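What follows is a set of notes on a single structure, which appears directly below.
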Amino acid sequence: MVDIWLSDDHELGIASLEVPVAVDFKDIETSLEAYRKLLLIRTFEETLEALFAKGKIPGFVHTYIGQEAIAVGVCTNLRTDDYVTSTHRGHGHAIAKGIDLNGLMAEVFGKVTGICKGRGGSMHVADFSKGILGANGIVAAGTVIAAGAGLSIQTREEDQVVICFFGDGGINKGTVHEAMNFCSVKKLPVVFVCENNQYAQFTSRKLTTSVSDLSVRGVAYGMSTESVDGNNLVEVVEVSRRAIDNAREGLGPTLVVADTYRFGGHYVGDPQAYRSEDEVNESRRRDPLLLFENYLELHGLADSDRFELEKETISKLVNKAVMFAEQSDYPEAHTATDYVFTDLIEGRQ
Ligand SMILES: Cc1ncc(C[n+]2csc(CCOP(=O)(O)OP(=O)(O)O)c2C)c(N)n1
C-alpha cells in the first residue's frame, strides 16, 4: 500500500476494478472504444513531449499523462451538446469530448488550420460545436465559466449538463468558492470534477490544502459529493454518471473528487526536483491504461495482440495529425487580431 496519492478508502490493485456498472463494459465495442480514447490521449501527449523537445511547439505544454481515465470516464456519459470547461492541462478533456484530432494538433502547433485558427494554442483550445468551452491558463477560471453555462441552461430550460474539470491546486481558489456556492444555491446542472493529481506546479497538495479529503469542500456548500479512484475507468464512469444524471434531472451540482497522479512534470521539461523517482515509479504501477487492460483481459474482452493492434492504429492517427499540423501554415502577422472579438461585441462598438 502506498499512501502517496490514494485516499484512505481506495485500495491498490485490480480488485478495485470489480465495480458493477450500468454502462455495458462487458460489451466489447463499448470497452474497446473507451480503450482507444485512453490510448489516443496517451499517444497524443507522448508525441507532444517528443515534438516539444525538438522545439516544434511554441509556449508551454502540460500533459495529461496518468489522468486519462478521468476525462474518458466522465465524457463517456455526455452528449455532444453537453459542455465541458477545462484547465491548462486540457488536451485530454478535449479529446474525450470529441475534438477533431488534426484541428487540435494544428492548434497546439499554433497553425492557421488549428481548431481556433492558431490563436489559442495548447492552453486555450476550444470548440463550441462540441461543447468544449475552452482550456484555460488561469487556474480554476473554468469554475465560474461552468456556473455561467449552467445558468444559461437553466434559463433556457434545457437538459444539458456542464462538467467543470479543475485541479487540486485550483480547489483553494476564491473563484471555486463563488462558483460552488452559486451553483448550489441555484441548483445548476454542473458537475465539478476535481482531478486530485497530488501537485500544484511544484508543491504537494499536503503542503497547501487544509483537508486531506477534498470532497468535504462540497459538503460546505450543501452539495452532493463523491470520491472516486480516478485511475479506474470503470469506477469513474459509474460515479460520474450518478452526478450527471442528478444534474440533468434538476437535482443540482455535485463535487466529484477523482484521486490520480500526474506522471509527467508540471510542464514538459520540468526538472521535478520536488519529488523522487521512486514516488513516480510507484505511481506508475497503477497506470490507468494498464488497469483497464487488466480489466479487458480479466473479462475476456481483449488480449495483448489486440492491444498492440489498437496501439498501431492510434499511432497512425496521431502521426497523421502531426503531418497535417507540420504541413499547415502559421497565421499571417497582419491577421493577428482576426477572430479575437465576437461579432456581437464588434457590432456594439
Ligand atoms: C490564477 C492563477 N494563479 C496561478 C497560476 C500559476 N499556475 C499555473 S498551473 C498552477 C498549478 C495548478 O495546479 P492544479 O490546479 O492542481 O492543476 P494541475 O497542474 O495539477 O493539473 C499554478 C499555480 C495561474 N496560471 N493562474
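Numbering (the numbering used here) for the sequence shown: 68 to 416. All residues carry an ideal CB built from backbone N, CA and C; glycine is no exception. What you are looking at is a predicted structure, and each value in this text was computed from that prediction instead of being measured.
For residue i, count the other beta carbons within 10 Å of its own beta carbon; 16 or more makes it buried, fewer makes it exposed. Which is it?
| i | result |
| --- | --- |
| Glu417 | With the chain running from 68 to 416 in the structure shown, residue 417 is simply not present. |
| Cys406 | According to the sequence displayed, residue 406 carries Tyr and not Cys. Looking at its Cβ environment, which holds fewer than 16 other Cβ atoms inside 10 Å, Tyr406 is exposed. |
| Arg223 | exposed |
| Pro320 | buried |
| Glu96 | exposed |
| Ile205 | exposed |
| Asn169 | buried |
| Ala403 | exposed |
| Asn361 | exposed |
| His366 | exposed |
| Gln265 | buried |
| Ser277 | exposed |
| Ala340 | exposed |
| Arg146 | exposed |
| Ser98 | buried |
| Glu225 | exposed |
| Glu64 | Residue 64 is absent from the model: the chain starts at 68 and stops at 416. |
Any idea what DSSP makes of residue i, helix, strand or coil?
| i | result |
| --- | --- |
| Cys231 | strand |
| Val128 | coil |
| Leu99 | helix |
| Gly167 | In the sequence as presented, Gly is not what sits at residue 167; that position holds Asp. In this structure, Asp167 counts as coil in the three-state DSSP scheme. |
| Tyr362 | helix |
| Leu322 | strand |
| Gly380 | Here the sequence assigns Thr to residue 380, which means Gly is not the residue at that position. Reduced to three states, the DSSP call for Thr380 is helix. |
| Gly151 | The amino acid occupying residue 151 in the given sequence is Val; Gly does not appear at that position. Note: Val151 maps to strand in three-state DSSP. |
| Ser350 | helix |
| Phe92 | coil |
| Ser371 | helix |
| Lys119 | The sequence shown places Phe at residue 119, not Lys. Three-state DSSP puts Phe119 in a helix. |
| Gln394 | helix |
| Cys183 | coil |
| Thr330 | The residue asked about is misnamed: residue 330 is Phe in this sequence, not Thr. Three-state DSSP puts Phe330 in coil, outside helix and strand. |
| Leu145 | coil |
| Asp337 | coil |
| Phe408 | coil |
| Glu112 | helix |
| Glu344 | helix |
| Ala173 | helix |
| Gly159 | helix |
| Lys387 | helix |
What number of angstroms, rounded off, separates the C-alpha of residue i from the C-alpha of residue j?
| i | j | result |
| --- | --- | --- |
| Gly177 | Arg329 | 25 Å |
| Leu200 | Gly159 | 14 Å |
| Ala400 | Lys387 | 27 Å |
| Leu318 | Ser219 | 16 Å |
| Ser395 | Asp167 | 15 Å |
| Ser189 | Ala392 | 13 Å |
| Leu300 | Leu356 | 9 Å |
| Tyr185 | Tyr131 | According to the sequence shown, residue 185 is Gly rather than Tyr. For Gly185 and Tyr131, the distance between alpha carbons rounds to 21 Å. |
| Asn248 | Val211 | 11 Å |
| Thr380 | Phe374 | 10 Å |
| Ala267 | Asp280 | 16 Å |
| Lys240 | Ala207 | 7 Å |
| His129 | Asp194 | 19 Å |
| Gly297 | Thr327 | 5 Å |
| Arg351 | His191 | 29 Å |
| Leu363 | Ala369 | 5 Å |
| Glu113 | Glu302 | 25 Å |
| Ala246 | Lys197 | 23 Å |
| Ser271 | Asp410 | 43 Å |
| Ile124 | Phe233 | 24 Å |
| Tyr102 | Met172 | 20 Å |
| Leu322 | Gly236 | 15 Å |
| Val252 | Phe269 | 35 Å |
| Arg353 | Phe408 | 44 Å |
| Asp337 | Gly122 | 15 Å |
| Lys254 | His244 | 15 Å |
| Phe127 | Arg156 | 10 Å |
| Val389 | Leu274 | 39 Å |
| Ile238 | Val324 | 10 Å |
| Gly187 | Thr180 | 12 Å |
| Val385 | Asp148 | 26 Å |
| Ser382 | Thr242 | 39 Å |
| Gly209 | Asn203 | 7 Å |
| Asp91 | Leu376 | 23 Å |
Which runs of the beta strand (DSSP E) at least 3 residues long sit entirely within the segment 188–263? Give them in chain order. Qualifying beta strand (DSSP E) stretches, in chain order: 229–234, 257–263.
If contact is defined by three or more beta carbon pairs under 8 Å, each pair taking one atom from either stretch, is the segment 139–153 in contact with the segment 116–123? Cβ pair count under 8 Å is below three, so no.
Whether or not the segment 209–222 and the segment 160–172 are in contact is what I'm after, with contact meaning three or more pairs of Cβ atoms, one per stretch, closer than 8 Å; do they touch? No, the segment 160–172 does not touch the segment 209–222.
Contact between the segment 128–145 and the segment 102–110 is defined here as three or more beta-carbon pairs at a separation below 8 Å; is this criterion met? With a cut-off of 8 Å, the segment 102–110 and the segment 128–145 count as touching, because enough Cβ pairs lie within range.
Whether or not the segment 273–285 and the segment 247–261 are in contact is what I'm after, with contact meaning three or more pairs of Cβ atoms, one per stretch, closer than 8 Å; do they touch? By the criterion of at least three beta-carbon pairs nearer than 8 Å, the segment 247–261 is in contact with the segment 273–285.
Pairing CB atoms from the segment 227–241 with CB atoms from the segment 292–304, are three or more of them under 8 Å? The segment 227–241, when compared against the segment 292–304, does not touch it at the 8 Å Cβ threshold.
Are three or more beta carbon pairs between the segment 331–346 and the segment 308–315 nearer than 8 Å? The segment 331–346 makes no contact with the segment 308–315, as fewer than three CB pairs between them are under 8 Å.
Taking only runs that begin and end inside the segment 265–308, name each unbroken beta strand (DSSP E) of 3 or more residues, in chain order. Taking only runs of at least 3 residues, the beta strand (DSSP E) segments lying wholly in the segment 265–308 are 291–296.
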